[in-house]
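In what follows, a structure is listed as structure tokens, so that the remarks can point back to it.
Protein chains: 4
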Amino acid sequence: MLAELRGLNEECGVFGIWGHEDAAQLSYYGLHALQHRGQEGAGIATKNGKGLLVKKGEGLVNEVFSGDALKGLTGRSAIGQVRYTTEDGRGAENVQPLVFRSTTGSMAIAHNGNLINAKELKENLEKQGSIFQTTSDTEVLAHLIKKSGRGALTQRDCVKKALSMLKGAFAFVLLTEEGLMVAQDPNGMRPLSLGKLGDAWVVSSETCAFDLIGAETIRSVEPGELIIINEKGLQSDRFAEAGDRAMCSMEYVYFSRPDSDIDGINIHMARKRCGKQLAKEVKIEADVVTGVPDSSISAAIGFSEESGIPYELGLIKNRYVGRTFIQPTQAMRERGVKLKLSPVHQVVAGKRVVMVDDSIVRGTTSKRIVKMLKDAGATEVHVVIAAPPLVSPCFYGVDISTDSDLIATGRTATEVCDLIGADSLTFLSAEGMLKAIGRPKEMKNCGQCLACFTGEYPTDIYADTVLPHEKELAR
Amino acid sequence: MLAELRGLNEECGVFGIWGHEDAAQLSYYGLHALQHRGQEGAGIATKNGKGLLVKKGEGLVNEVFSGDALKGLTGRSAIGQVRYTTEDGRGAENVQPLVFRSTTGSMAIAHNGNLINAKELKENLEKQGSIFQTTSDTEVLAHLIKKSGRGALTQRDCVKKALSMLKGAFAFVLLTEEGLMVAQDPNGMRPLSLGKLGDAWVVSSETCAFDLIGAETIRSVEPGELIIINEKGLQSDRFAEAGDRAMCSMEYVYFSRPDSDIDGINIHMARKRCGKQLAKEVKIEADVVTGVPDSSISAAIGFSEESGIPYELGLIKNRYVGRTFIQPTQAMRERGVKLKLSPVHQVVAGKRVVMVDDSIVRGTTSKRIVKMLKDAGATEVHVVIAAPPLVSPCFYGVDISTDSDLIATGRTATEVCDLIGADSLTFLSAEGMLKAIGRPKEMKNCGQCLACFTGEYPTDIYADTVLPHEKELAR
Amino acid sequence: MLAELRGLNEECGVFGIWGHEDAAQLSYYGLHALQHRGQEGAGIATKNGKGLLVKKGEGLVNEVFSGDALKGLTGRSAIGQVRYTTEDGRGAENVQPLVFRSTTGSMAIAHNGNLINAKELKENLEKQGSIFQTTSDTEVLAHLIKKSGRGALTQRDCVKKALSMLKGAFAFVLLTEEGLMVAQDPNGMRPLSLGKLGDAWVVSSETCAFDLIGAETIRSVEPGELIIINEKGLQSDRFAEAGDRAMCSMEYVYFSRPDSDIDGINIHMARKRCGKQLAKEVKIEADVVTGVPDSSISAAIGFSEESGIPYELGLIKNRYVGRTFIQPTQAMRERGVKLKLSPVHQVVAGKRVVMVDDSIVRGTTSKRIVKMLKDAGATEVHVVIAAPPLVSPCFYGVDISTDSDLIATGRTATEVCDLIGADSLTFLSAEGMLKAIGRPKEMKNCGQCLACFTGEYPTDIYADTVLPHEKELAR
Amino acid sequence: MLAELRGLNEECGVFGIWGHEDAAQLSYYGLHALQHRGQEGAGIATKNGKGLLVKKGEGLVNEVFSGDALKGLTGRSAIGQVRYTTEDGRGAENVQPLVFRSTTGSMAIAHNGNLINAKELKENLEKQGSIFQTTSDTEVLAHLIKKSGRGALTQRDCVKKALSMLKGAFAFVLLTEEGLMVAQDPNGMRPLSLGKLGDAWVVSSETCAFDLIGAETIRSVEPGELIIINEKGLQSDRFAEAGDRAMCSMEYVYFSRPDSDIDGINIHMARKRCGKQLAKEVKIEADVVTGVPDSSISAAIGFSEESGIPYELGLIKNRYVGRTFIQPTQAMRERGVKLKLSPVHQVVAGKRVVMVDDSIVRGTTSKRIVKMLKDAGATEVHVVIAAPPLVSPCFYGVDISTDSDLIATGRTATEVCDLIGADSLTFLSAEGMLKAIGRPKEMKNCGQCLACFTGEYPTDIYADTVLPHEKELAR
């Protein structure tokens, strides 16, 4: 399904590299591979012998870094981020990496995730005189590091102390005087992988960035681990004991690129197995299977393979829809102008269609696509979702609306099916999903976070924990 | 396969609309749907009560028409074009529609195709005092219309007389004092369809533009037909007898969008049948089938379905690669940075892979992809091409290089296979392709042009006929 | 006064260079010096061994040629133009140089001026089958050259024959197979100078372009002269007998830059003498003299020097007002927001002010400035105009509105004075202006065109002669 | 003289408005009037009922706020800044207003000036755990305000306490929960004026911004004064006793616009009197007086009026030189291409020229202009400077290079004259300047800062005080 159609957004993707003469340009390509994780802002900070350099802005990676923008970013180490921000630009100051300059040394930070004790930490920091220039959690970490440094601690110890105070989901990359630092929350909730490019070390939210630049995937960053990379090489340290692993299920289901691997499991293959599992869980009499592009294609292929119903391109995504695109008026939209998806008439006309999608958020998009298929002549439209229903908000960095916005909250599949106008609606069972993804069975929930499907959160949730989009709105 | 990787380019796409208050904006969406046919230039001309208005420029549709650009284009009729031009901008004056202003009335023309007697016509016109401001064939038609008008002919008769002098492949849309005129060459070599949107008439190179704006497909424009649409309605006329139908095969194989239909045959379905046919013609022992995105996906699905070998996403296309993208250096490319396609390691590692593509031009890209798959661990790579080998240049508007550039010219499949480093290479037979596409068997070559596969051209070819890209170079 | 405030616009400026390795870049600087003559479009065409290259677009010189735009313009000869066009972009196709491509050779043309028999010539050409893609006169010349070439004439003879058919004011630069050609109309109505830069020849609408690039001014191009510059050097030829010289008076009064010379007379000095002459013709009791920037500064200095009344900066021009500037709403403007000119309170408060301007067109701007000065505390505002009143339209390339728009047409100075709210209004006498500018007395009107002041046109005017801005509107 | 030619740069200009429905747009026009004070960055922050909104970026005001950029800035109060930053963009994060967000309320700050104890303050703050995201002094104030707030102080008291810790030159505008706050350092070194627009209050670095928006100038902000404007009206408070007034002399001499007033003295008039005074102090036999545009025009007019030597436009500034301008190569420059100033040959050829300028920094520009005039035929060039020689660096916000870069440091006028190749060189005496500007004689140095002329600084200078451009370089 299409992220932009329904406001189901990842907060961002991060990338880092140490020890390569083309650090900035490789970061550019790395961020380009992560572009699907955030299209609203991008930035790269590099470190040369003299200090930190940073270039960031609103827009796509290739918009922010046009012309000679990369040339000024000298140095053999770099970190970068791509970011999703709110539409009115109020978040412009949140574009990362954030850079903190100090008489004793500077630091750049990029972050993916969401802290659940950010409000409490901020209030404490403000009581101690800290001021904030952004609404992002990233700045909280910088303040904590600085406060930790009042004694005679090394920078590494300050960072560890600061990280240990954070609750929630996070993947941090820091570029400091001591080197490139990489940290993952104690539950390992957001993907973060370590790779090697010749003698250089690279880290990335997804391994697809490694493939694009020709780097090799080494391993995932461990829960609670702090990796420091500098002239002495790579050192693995810990700032916290590893808790129960709780990797975000939606990374497998929806966010990550099909060519990425998380903990050694390929996303396309996992999705395809979910599609197959779905076909085992439900029997549908139909003529064609079609996926909602792009993220549901793999599951649709799997459903087709297992069910024996032919897989077809029943829906086509219109590329080239950029931000400068002139939107159709409401009147035009009602008269049938459709920008993002087009049905393929000959594929669906007179056919019983299985429409595979990865999720239903508010239901409005599903309803529109079902109608589109029926208008194109489909005699039946059976919606199958290659994941369990979304019923609870996410506090860990996925911008899922509050539960009142989630159509499946408090409704049966039949009720939802009626609302979206489909002939049937089937969700993959949670057990089926876990089995199909194939993470270790000995872990709790196979090491996955199921909070948005079950409402059971792997961490404490505080009374004042706010959803990601609420932070953006805070002033 | 990726057009931009190999210089196999369509010249353009055209769109027209008559009788709608949102003529310009609907043209904008129509051209947007045709964007894949040309990304270098775009333009729209409208006609209001007072005269012709035109806005055009280099870039994508949403770049040329940003901000308020559409607002000035008032009027209830419009034509537009998207265009591929040469990289150094020398063709900037060729961006269409071309507008010709006259004391007795003005005219806008947009064109898809290539005239094979353009040089001769131009020389004759120049002898009669005509001057040319572009290097495009479109200007030739305007001159011929004007010259035809010296007697007491109506504009329609002038246009018919002028069209009758043209040889080659063409689909013209004209916006004149007498209305919207639409013409197709006597062999009907380029796709051009007629549709209806409420009371308004629409024409388009591809029917996907109709789907996007909610219009209904009526029929193809006939070979040798001139359609005039004005206040009196639609009138069908002829400027020439219909010759043997010779629709460009590459439209089915490669150019058109999968959701378009040509002469009632859906592109995705045709390609899928080609893939199935291919699987009937060759038996390969393999573990996975993968298509080279985007245009070979349908054939790969068909091959998988017929062969029973699972279809997988073995290659991922990197989106977001725009013109402002900073290209990797040669050194980076050699070290493995790959911008446009990434292999999916877990899908191909240790597997025997069937790689389905739609064509091989110079062979360099195929070689690169084969290597990419093997580097990712594929034990065998069997290349299957869902079309016959390209061996002859095209004079009808497809920018296929001269035959010396075509790797298959004068080489056996085995020789080509060796050059691209594959374990086997199979082309679809011409008969198989014709059967799979499924056009009427009673027509010669089922009404398809096979020139690039066979060297047999459906029209005369003149000694001075030049290839499309040679025209751009002429000064 | 400010051109943009009142629609008194020059049509353009032209530049040419032959025989310099930096031809394109020097043209860029030359056009930059001529930027005040047209801010709406700019273009440069160069000629290298292989053909013509052209780059043009809407906007300022430094906007059209940003980044690497000049790099593609190779060759040792070039022509260029800056241009004023209508605001709605309909004239986009009129941006020059126009390039005409032919199987026997190509040609680029840039033009400053206005033909008065363009309509007749166009109609004749259309009867012979010519078609037009622009609304500019320039295209007429290209057609005439082509038509002239049907016999066995050399290109030079064709150009001469074509030029001889043109009536009106024109300064042409052509880049052809035979070299750089430069022509001036038989009355020499628009400025055009010849210069030398080392071994290279340069031509320009104004000599300020020579100063900027370090070239030396040689002489004016003669009325009726055709200069051909090529490998054989410079040859002076004629296409017509020289008529009575009739150099545009408004070039001295308003258009040209103060550092340019026309026929050896410096513009600043001529304007200053006009101011002095004005002070001789009228005695005003006042405290300060101020000029309306930029073009009236010189006359104000002269008025001050002759009258002994101190010269002050009573009005300041706001720079940085570009096309992207957000205009104030009408309400804001009424509340006093003034973008282009600000009064200097301390200079004018409590003072009797002589406000020197160079012309009054519709009177609205003068009225606004008088009010602005009075609002700032001026006790009296005496408007003195360093030229005679504008009473007749110009058919030679200056976009003066029709006479009904000219406030001075059919009104006495006293009546105009009342309309603009000044305490007195004085125009310079025509004799005084001629004497002050100081061209040869033995020529008729000292070799100046006085048509806009007197209604006596130096050439025939045809029934169908149209004003420049009417051409832009023609479709 | 031209700021961009010699690196004599003001740090910025600030603007604020309270109580107007068009707060953002009026700020836009106000900043536009202050554009000469900084062309590298611009920003506006507004306050509506819900919080602070900010939009800022690199470039001119009309570049940063293009399209709909102003529409999102709702609210009835606003502050803004235009800024000069270093050329390599490292200062991008320094573009103001800076916004600080807090759980208890947010704050925006814009600043003009330079703190001389910034380093010490920063180090102290860092010791207390503060972190810095910019290299600007502005952030120091924000931290101090926050730290001051740990007790039970009101926001106003916190701001007062914080301001009282600052040493140096500063003009601050703050937009906070309590309203618009405006502060001036105890010596009143940078200009800052208060005005009224209907019921709304406005503040600006220069009064020319008031004129442009139709506001009335009320008075200067007093040294040591803190003005708070909110729903209760305007309240004047103090954070420090007023010290000796020490208004920057270079504001009169060079920075401010001629139509601005400082402490009731008009800049143009002050400069003209300086020119007159200079003509009293030195007698030169010469034929023409010319000023180096734009800032020396007023002094040149005064010199001419007093000396009786005619004032002429001997040098013309080329407008339209924007940042995207393609710079001439060194070779071109040596061959005479001159972008910024052109001499007017007929004005200077064969003449003895008095060239009036406002300052000499490194001397390279003066040398170039003298040569330009001589190359244009001037027989003698007498340079007169309407200010005393610059011999000492400025620590208060003017980017004058260290004294080793100042050509007049340790050299007599005769020695400097030889270096720049003039026939004579005269500086205005310090007494003459003070008298001509005409501030109150009873104040020390008439209430002006003369540090750059005398090396006597009106405040203490610390061992670790750094020049403005050194801050930009700090990381």
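For the record, the sequence lines run as chains C, D, Z and G. Residue numbering for the first sequence follows UniProt numbering, beginning at 1 and increasing consecutively. Residue numbering for the second sequence follows UniProt numbering, beginning at 1 and increasing consecutively. Residue numbering for the third sequence follows UniProt numbering, beginning at 1 and increasing consecutively. Residue numbering for the fourth sequence follows UniProt numbering, beginning at 1 and increasing consecutively. The beta carbon of each residue, even a glycine, is placed where N, CA and C say it ideally should be. Here the structure is a predicted model, which means the values were calculated and not measured.
By the criterion of a C-beta distance shorter than 6 angstroms, His268(Z) is surrounded in its chain by Pro258, Ser298, once the five residues flanking it on both sides are discounted. Pro343(C) is bridged by DSSP to Leu315(C).
Taking a beta-carbon distance threshold of 8 angstroms, Phe65(G) counts as an interface residue toward chain Z. Within the model, the alpha-carbon separation for Ser102(Z) versus Asp157(D) is close to 28 angstroms. At a C-beta separation below 7 angstroms, Gln346(D) has these neighbours in chain C: Asp261, Asn266, Met269. The continuous stretches of beta strand (DSSP E) do not include Arg411(D), and DSSP gives it neither H nor E.
By the criterion of at least three beta-carbon pairs nearer than 8 angstroms, the stretch 426-439 of chain G is in contact with the stretch 281-291 of chain G. Between Gly13(Z) and Leu34(Z) the beta-carbon gap is near 3 angstroms, inside 8 angstroms, which marks them as a contact.
The stretch 194-202 of chain G and the stretch 219-232 of chain G touch, with three or more beta-carbon pairs separated by less than 8 angstroms. In the DSSP annotation of this structure, Thr454(D) is not part of any beta strand (DSSP E); the continuous alpha helix (DSSP H) holding it starts and ends at 451-454. One alpha carbon belongs to Arg439(Z), the other to Ile265(Z), and they sit about 8 angstroms apart.
In the structure shown, Phe239(Z) adopts coil according to DSSP, grouped into three states.
The distance from the Cβ of Ala408(C) to that of Leu390(C) is about 6 angstroms, consistent with a contact at the 8 angstroms cut-off. Classified as buried, Ala300(G) has 16 or more neighbouring CB atoms from the shown chains inside 10 Å of its CB. His382(C) and Asp405(D) have their alpha carbons spaced roughly 49 angstroms apart.
Taking 8 angstroms as the CB threshold, Val356(D) stays off the interface with chain Z. Each of Leu144(C), Phe395(C), Gly38(C) was checked against the Cα of Asn114(C), and the nearest Cα belongs to Phe395(C). By the Cβ-count criterion, Asp460(D) is exposed, with fewer than 16 other Cβ atoms from all chains shown falling within 10 Å of its own Cβ.
Residue contact with chain D for Asp22(C): present (Cβ-Cβ distance below 8 angstroms to some residue of chain D). The beta-carbon of Ser130(D) is placed less than 8 angstroms from the nearest beta-carbon of chain Z.
For the set Ala108(Z), Ser359(Z), Gly105(Z), Lys272(Z), the Cα lying nearest the Cα of Phe303(Z) is the one of Lys272(Z). The C-beta of Val337(G) comes closer than 8 angstroms to at least one C-beta of chain Z. Cβ-Cβ distances below 6 angstroms link Phe170(Z) to Gly113, Asp185 in the same chain, with the five nearest sequence neighbours on each side left out; the list follows chain order.
Distance between Met247(Z) and Ala45(G), taken at the CA atoms: about 54 angstroms.
With respect to the C-alpha of Met332(D), the residue from Ala215(C), Gly410(C), Ala279(C), Ala386(C) having the closest C-alpha is Ala215(C).
For the pair Leu153(Z) and Lys167(D), the Cα-to-Cα distance works out to about 33 angstroms. Distance from Gly149(D) to Lys147(Z) at the Cβ level is roughly 17 angstroms; contact not present, criterion being Cβ atoms closer than 8 angstroms. Taking the Cα positions, Val95(G) is about 14 angstroms away from Glu63(G). Ala42(D) and Ala376(C) have their C-alpha atoms roughly 30 angstroms apart.
Taking a Cβ-Cβ cut-off of 7 angstroms, Tyr254(Z) has no neighbours in chain G, whose nearest Cβ is about 15 angstroms from it. DSSP places Cys446(G) within a helical segment (H, G or I) once states are collapsed to three. Within the stretch 411-441 of chain C, no residue places its CB atom closer than 8 angstroms to a CB of chain D.
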